[in-house]
Structure formats: structure tokens, C-alpha cells
Amino acid sequence: MSIQVKFQTKLDKYSVPDTTLVIPSSSTNSQLEAILKGLLKSTVSSTELSRISFDFLCINKLIRSSLEEHIREKDESLLESIISIEYIEKFQGPQPEDALMHDDWVSACRSLGDSILVASYDTNLHLWNNQGEHIISLPGHTAPVKSISFIYSGFFFFLNFFIKLFKLK
């Protein structure tokens, strides 16, 4: 089965003519990308096309299945009309550079200057410096610590939900 589509974008650099195309309804993201890159060949260098990837939206949702399946899930009656497919530049998710390891889940985190204060489900507060060195653990809770705040008035004070005040000199 074939379907009529129009590609649209807000990316002026990668815009294509506003024409209706007939493509297989079974098209997936990789096939949509191949079609789009074919349309962009005349205006974008092959080097740039090899470096860029696109994601596709239809009916304001990212397409994660075949185009036909996606449309049937949203509004099957659209299969008979011209479908607008928006394309956006795809970016890789961020990669963690470093981690401050804890024995339990972290529930809150605050920073002030070079200090990082972490509340944890292990019932402790943990103070780290910005180089990732653990400075001190502050016990005193009988349940997970879920909220914290820095108060600075010449000394560092840490305040949490249970109004336990810790003073570090």
C-alpha cells in the first residue's frame, strides 16, 4: 500500500520543496531518512548528509514504527489523505563523564561554590567537592532524606525537610 506525504521542517538549511510524494506505507525511519536525504542531495553536500541524522514526527508524535502502524494508532482515517511528516535533526543523548557513587538512590542535590550536597535514601547527607572527592557523610536521619538546602552566613549550614541543621566550619 502507498501513502501520500509531504515533508516539512523548521530547519531552513534542510528544507525541501513543498511537493507531495507517494511512498510505501510500510516505510520506517531509516527509509524516510533515505528518501529525505535523496531530496536534499541537490542542496546539501554529501559530506554533511553523511554526518546528519533525522527524526520524524507525524501527528505531533515521533515515528517509532512503520508509517502505516503509526498512523493507524493515531487516526486511521488519515491514511486516505496527504500526511504531513515533520523532520528534525536527531542528536545523540548526553554521555555521562563522571559519577559520584552512592550506596542508595539520590533524592536531592544542591551545589554552592565548590561544594555539592547530596541527599540520599541511605538516610545520610553526603558532601562532595567539585573534583568528585567525598568530604563527609552526615548521619542523623531515620528515613530517606528527600529535600535539602544550603544556607550560607559565614559558615555552611545544610537544611533539609526535617529541619535538621548541620554546621560545618
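The opening position of the sequence shown corresponds to residue 194 in the numbering used here, with each subsequent residue numbered one higher. Heads up, the beta-carbon is just placed ideally off N, CA and C, and yes, glycines get one too. All values reported here derive from a predicted model rather than from experimental measurement.
Among the options, the one whose alpha carbon lies nearest that of residue i
| i | options | result |
| --- | --- | --- |
| Lys230 | Ala312, Glu282, His263 | Glu282 |
| Leu214 | Asn253, Met194, Ile275 | Ile275 |
| Lys199 | Gly306, Cys251, Thr240, Glu241 | Cys251 |
| Gln201 | Ile278, Met194, Lys254 | Ile278 |
| His327 | Gly333, Ser308, Asp205 | Ser308 |
| Gly306 | Phe343, Asp205, Lys254, His263 | Phe343 |
| Met294 | Ser330, Ser195, Lys254 | Ser330 |
| Ser304 | Asn323, Pro287, Trp298 | Asn323 |
| Asp248 | Gln285, Val299, Trp298, Tyr280 | Tyr280 |
Cβ distance (whole Å) where residue i is taken to contact residue j below 8 Å
| i | j | result |
| --- | --- | --- |
| Glu226 | Ser243 | No, Glu226 and Ser243 are not in contact; Cβ-Cβ is about 12 Å, not under 8 Å. |
| Leu260 | Ser220 | 5 Å |
| Ile341 | Leu318 | 6 Å |
| Gly325 | Asp291 | 6 Å |
| Ser195 | Ser218 | 6 Å |
Residue i (DSSP reduced to helix, strand or coil)
| i | result |
| --- | --- |
| Ser219 | coil |
| Gln201 | strand |
| Ala336 | coil |
| query | If you scan the stretch 230 to 261 from start to end, which runs of the alpha helix (DSSP H) of 4 or more residues do you find wholly inside it? | reply | 239 to 244
| task | Note down, one range per segment and in chain order, each beta strand (DSSP E) of at least 3 residues found wholly within the stretch 264 to 307. | result | 276 to 282, 299 to 305
| Do the stretch 301 to 321 and the stretch 333 to 347 touch if we need at least three Cβ pairs shorter than 8 Å? | yes
| Is the stretch 232 to 243 in contact with the stretch 206 to 213, if contact means three or more CB pairs nearer than 8 Å? | yes
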